[in-house]
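Here's the structure, in structure tokens; my notes come after.
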Amino acid sequence: MPNLSGKYNRDTVQVEEALNRIQAHVRVLETETVPLAQASGRRVAARIAAPHPYPAFRRSGMDGYAVRAADLAAASRDTPVVLEVVEHIPCGCVPERPVASGQTSRIMTGAMLPEGADTVVMFEMTETIERDGAACISVMKPLVSGTNVSGIGSEVSEAELLLEEGRVIGAGETALLAVFGITEVPVYRRPTIAILSTGSELLPADAPLEPGKIRNSNAWMLAERVRALGGIPLVLETAADELEHVRAAILEALAQADAVITSGGVSVGDYDVLADWLVSWEGTTLFTKVAMRPGSPTSAGVLNGKLIFALSGNPGACFVGFELFVRPALAAMQGTAGPALQRIRALLGEGFPKVNNYPRYVRGTLSFAEGRVYAVTHRHNQSGSLISIKDTTALIVIPAGGSGLQPGDLVDVLLLS
1 MPNLSGKYNR DTVQVEEALN RIQAHVRVLE TETVPLAQAS GRRVAARIAA
51 PHPYPAFRRS GMDGYAVRAA DLAAASRDTP VVLEVVEHIP CGCVPERPVA
101 SGQTSRIMTG AMLPEGADTV VMFEMTETIE RDGAACISVM KPLVSGTNVS
151 GIGSEVSEAE LLLEEGRVIG AGETALLAVF GITEVPVYRR PTIAILSTGS
201 ELLPADAPLE PGKIRNSNAW MLAERVRALG GIPLVLETAA DELEHVRAAI
251 LEALAQADAV ITSGGVSVGD YDVLADWLVS WEGTTLFTKV AMRPGSPTSA
301 GVLNGKLIFA LSGNPGACFV GFELFVRPAL AAMQGTAGPA LQRIRALLGE
351 GFPKVNNYPR YVRGTLSFAE GRVYAVTHRH NQSGSLISIK DTTALIVIPA
401 GGSGLQPGDL VDVLLLS
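Start counting the sequence shown at 1; every next residue gets the next number (the UniProt record's numbering).
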């Protein structure tokens, strides 16, 4: 039998210290090259620079007429300038004729500007006329050279940085890579994360309810969060509240995954067997208690060189523990250093009278009114509450101590999306 005294007498660490201990043991995964079509959601493994300028040619920013700005210098309503139309230039075609003084070419948005032209006059600023049997336009207003023209490299110059290492590839990044013809992308390997739910009370999601039991929601929530952050979830069969069963399941998971997340069994109850194991296990314990609510029994350790995150079985606390500790580790495994959650300041929308010895990470959302940002807490914010997770876009940090907070007080907010 293990000595369980440590289960009840745990050293408490601050959230920042817990994060530092985790980051010290994160192993950055190897890189691989994948087709652009498979790169969405992956993190870039090396700096990607532009192989050529963009645009690569001078192009029209409007439907109109390509002209020489110098020809329009004296244009006015009383003395319009007349230009002969010498060519029509659709998109994708190379102009065949240069524009000489007194000439213009009809041009479409995005088409290549002809030699000699430096400006595009919008259709609306011209009048179509015929002079001596030739198609012409008249222009009644001068324009500055370069008007409605995108120059070579006006958006991106050659060798300019396109994507930095660690950036997540989304729709904008995919479009950028495609326009530069970069169809093979260096990325970090997606981490495989084993997810083990513990608890004899848990049923599969497709099982009928039984007295005293609940369906397992944590595994589904954790799997979706892992997937959304670039990982591959490996959901294991639920483990009953038996120490050897849980231990064997974790050891098996470590052989298949880059890290393991467990939910449940970390508190001080009679059947919290994961907490029992962490007292005298064969790994390195990073922490077994964090100064936070909800989820203070959140624990972490390292075994066989891989991180194990032991999260609360209460859905709300499990969610908060994942966002605070697992999310940064997943980002670091994929080459991203620094905080995984952006921190801002906002005005508290409603008072929060509860006082606690530990900081609270309250699920909520942001709202905007009269140019101000408000942090709005959810009504269901207990550790065991599940319903509010679906509407949570931020964690509102309520500091420890004090006498509670009033509406309009400034608070720190961690953005989740």
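Using N, Cα and C, we set each Cβ at its ideal position, and we do this for glycine too.
Residue i: which of the options sits nearest, CA to CA?
i, options, result
"L366", "L347, V355, A337", "L347"
"S210", "N218, A219, S200", "With the sequence shown as reference, residue 210 is identified as Glu, and Ser is not the correct amino acid for it. Cα-wise, what sits closest to E210 is S200."
"R247", "W220, L341, E32, D276", "D276"
"G264", "A300, D412, F180", "A300"
"S101", "L202, L83, V34", "L83"
"G110", "A56, E32, A18, F368", "A56"
"G116", "E127, E160, A70, A135", "A70"
"V13", "V376, F368, V290, I398", "V290"
"R47", "P186, I193, G402, L278", "P186"
"E165", "R10, I398, R43, I389", "R43"
"P142", "L254, A75, L236", "A75"
"L222", "M112, D270, N314, T147", "N314"
"R372", "L254, P114, G349, E32", "G349"
"P297", "T147, L254, V320", "V320"
From which residue to which residue does the alpha helix (DSSP H) around residue i run?
i, result
"Q23", "15 to 23"
"D412", "First-last for D412: 410 to 415, but that is the beta strand (DSSP E), not the alpha helix (DSSP H)."
"P315", "315 to 321"
"I250", "243 to 254"
"M333", "327 to 333"
"A135", "First-last for A135: 134 to 139, but that is the beta strand (DSSP E), not the alpha helix (DSSP H)."
"residue 482", "Any answer about residue 482 is impossible in this case: the structure gives the chain only from 1 up to 417."
Return yes when the Cβ of residue j is within less than 8 Å of the Cβ of residue i, no when it is not.
i, j, result
"L414", "R345", "no"
"R59", "D118", "no"
"L395", "Y361", "yes"
"residue 433", "W220", "Past the edges of the chain, shown from 1 to 417, lies residue 433, and the structure says nothing about it."
"V179", "Y54", "yes"
"P191", "L29", "yes"
"L229", "R327", "yes"
Does the beta-carbon of residue i have 16 or more other beta-carbons within 10 angstroms, so that it is buried, or is it exposed?
i, result
"P294", "buried"
"residue 423", "This structure gives no information on residue 423, because the portion of the chain shown stretches from 1 to 417."
"T336", "buried"
"N304", "exposed"
"P51", "exposed"
"L251", "exposed"
"I387", "exposed"
"L324", "buried"
"E173", "buried"
"V144", "exposed"
"C91", "exposed"
Taking the DSSP output, what are the residues bridged to residue i?
i, result
"residue 461", "This structure cannot settle anything about residue 461, because the visible part of the chain is limited to 1 through 417."
"K306", "L303"
"M292", "M292 pairs with nothing; no bridge assigned."
What are the boundary residues of the beta strand (DSSP E) that includes residue i?
i, result
"A259", "259 to 263"
"H88", "81 to 89"
"G64", "64 to 67"
"E184", "184 to 188"
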